[in-house]
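Peer 1:
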Amino acid sequence: MGLEWESSGTRAVVLVRGEVGAQLETFLAGRPLAGCRELELDLAGVPSIGSAGLSALLGVHRWAQQRGVTLRLRGLQPSVWRVVEPAGLDQLFAASAEPSDAPAQELALF
Numbered sequence: 004m005g006l007e008w009e010s011s012g013t014r015a016v017v018l019v020r021g022e023v024g025a026q027l028e029t030f031l032a033g034r035p036l037a038g039c040r041e042l043e044l045d046l047a048g049v050p051s052i053g054s055a056g057l058s059a060l061l062g063v064h065r066w067a068q069q070r071g072v073t074l075r076l077r078g079l080q081p082s083v084w085r086v087v088e089p090a091g092l093d094q095l096f097a098a099s100a101e102p103s104d105a106p107a108q109e110l111a112l113f
């Protein structure tokens, strides 16, 4: 898994590449969050996600809630969206949790 941190003011973005796992929580725990009110996980570099990745996202969601930080997902590939949405996890994250390419999402389902 590749992780990059970008922060400006009250917003931080984590660029995630590869497989999502428990390292994500460890990575976030080591970052300065003073004044951060919104955290975005950019999952454009994540081609697929399994149960370990879903578990990690739930852990990060709890972690963010405990700190009063809004967590958003962005850039979800259609293959990731097809796992996140039926699991009901799209309801846990702020409104930007949607597939990065909605028309491709619809075509993939038919």
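Here our numbering = 1-based position in the sequence shown + 3.
Positions of the beta carbon are idealized from the N, C-alpha and C atoms, including for glycine.
1) Here's a check: name, in chain order, each residue in its chain whose Cβ is nearer than 8 angstroms to the Cβ of Gly24, leaving out the five neighbours to either side.
2) Here's a check: name, in chain order, each residue in its chain whose Cβ is nearer than 6 angstroms to the Cβ of His64, leaving out the five neighbours to either side.
3) Ordered along the chain, which non-local residues of its own chain (more than five positions away) have a Cβ less than 6 angstroms from that of Ile52?
4) Spatial neighbours of Pro50 within its chain, please: C-beta separation below 7 angstroms, excluding the five flanking residues on both sides.
5) To the nearest whole angstrom, what separates the beta carbons of Arg34 and Trp8, a pair I think is in contact under 8 angstroms?
6) Whose CA, out of Ala90, Gln69 and Val16, lies closest to the CA of Glu41?
7) Quick one, which of Arg20, Ser10 and Leu92 has its alpha-carbon nearest Ala37's?
8) Which value, in whole angstroms, describes the spacing of the CA atoms of Thr29 and Cys39?
9) On the CB-based measure, 16 or more other CB atoms within 10 Å of its CB, does Leu61 come out buried or exposed?
10) Look up Arg75 in the DSSP assignment and say whether it is helix, strand or coil.
Peer 2: According to the structure data:
1) Within the same chain, Met4, Ala55, Gly56 and Ala59 come within 8 angstroms of Gly24 by CB-CB distance, once the 5 residues on both sides are set aside.
2) Cβ neighbours of His64 beyond the five flanking positions: Leu74 and Leu95.
3) So the list reads Val23, Val83 and Val86, once near-sequence residues are dropped.
4) Leaving aside the five residues that flank Pro50 on each side, the residues in its chain whose CB is nearer than 7 angstroms to its CB run, in chain order, Gln80 and Ser82.
5) Confirmed, about 6 angstroms.
6) The shortest CA-to-CA distance from Glu41 to any of Ala90, Gln69 and Val16 is the one to Val16.
7) For Ala37, the closest C-alpha among the options Arg20, Ser10 and Leu92 is that of Ser10.
8) The C-alpha of Cys39 is placed about 17 angstroms away from the C-alpha of Thr29.
9) So Leu61 counts as exposed.
10) It is a strand residue.
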